[in-house]
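Here the structure comes first, spelled out in structure tokens, and everything after it is commentary.
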Amino acid sequence: MTQVKFSRKPFETTFSSLVDDIFAEMPAIFKNGNSQQEWKGFAPVNIRESEKSYTLDVVAPGFEKADFKISLDQNILTVSAEKKEEVKNEGEKEIRREYSYRSFKRSFTLDEKIDAAGIDAKYVNGVLTLNLPKKEEVKSASKDISIQ
-14 MTQVKFSRKP FETTFSSLVD DIFAEMPAIF KNGNSQQEWK GFAPVNIRES EKSYTLDVVA
46 PGFEKADFKI SLDQNILTVS AEKKEEVKNE GEKEIRREYS YRSFKRSFTL DEKIDAAGID
106 AKYVNGVLTL NLPKKEEVKS ASKDISIQ
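So this is what it looks like as structure tokens:
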């Protein structure tokens, strides 16, 4: 009988890369480390409601106003941004690169309570804020009916 030795290292490397490939698009919360590079297409959003409107705060540092595209198609509000890569200097050697620009796309389904014509947006200090005003509710006028 011949004894065969197995090395676990190739399996672990293959399994590890397989898991990394499966979860590559997941937010960094589910991975080890806190690097912003691991977010890959995910922009966190806070949604608040007030009496007159909804407010969406999209955290997107490193972009400019011209990089954003906001569209409303039927009841789907889509917020996307894309930043083009900077031009490299040919005479310089890059030793380490810890930041890169990215793109993202988020979509939200709006209900009939939102006044689509009144939606506005502003970008200040890395946060894109969208204001979604609520429609005025049409209240039926009360009427007294006299008995004859």
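When you number the sequence shown by this note's numbering, it's gap-free, plus one each residue, and the end is 133.
Quick reminder that beta carbons are idealized off the backbone N, C-alpha and C, glycines included.
Only counting the same chain, and skipping five residues up and downstream in sequence, which positions put a Cβ closer than 6 Å to that of residue i?
i, result
"S92", "I61 and T63"
"Q22", "Reliability fails at Q22, whose pLDDT of 41 lies under 50, so the model's placement of it is uncertain and the value that follows must be treated cautiously. Around Q22: no qualifying Cβ."
"Y39", "L117"
Less than 7 Å between C-beta atoms, sequence neighbours within five positions excluded: which residues of the same chain meet that for residue i?
i, result
"F48", "A66 and K68"
Could you check the C-alpha separation between residue i and residue j for me, to the nearest Å?
i, j, result
"K120", "R82", "48 Å"
"V30", "D42", "5 Å"
"I32", "V109", "17 Å"
"D96", "K54", "21 Å"
What does a CB cutoff of less than 8 Å around residue i pick up in its chain, not counting 5 residues either side in sequence?
i, result
"G18", "Confidence in G18 is poor, its pLDDT being 44 and thus under 50, which makes the residue's placement unreliable; the coordinate value appears in the next sentence. Counting only Cβ-Cβ distances below 8 Å, and skipping sequence neighbours, we find nothing."
Give the C-beta separation of residue i and residue j to the nearest angstrom, bearing in mind that I take them to be a contact with Cβ-Cβ under 8 Å.
i, j, result
"I104", "N116", "7 Å"
"A137", "L113", "This structure gives no information on residue 137, because the portion of the chain shown stretches from -14 to 133."
"G111", "A51", "About 15 Å separates the two Cβ atoms, so there is no contact after all."
How would you write the range of the beta strand (DSSP E) that residue i sits in, first residue to last?
i, result
"I61", "I61 to E67"
"L95", "Per DSSP, L95 belongs to no beta strand (DSSP E) and is neither H nor E."
"A45", "Element bounds for A45: n/a, residue is neither H nor E."
"R33", "V30 to E34"
"A106", "D105 to V109"
"F53", "F53 to D58"
Nearest chain B C-beta to residue i closer than 8 Å, yes or no?
i, result
"Y39", "Judged by its chain identifiers, the structure shown contains no chain B, having just a single protein chain."
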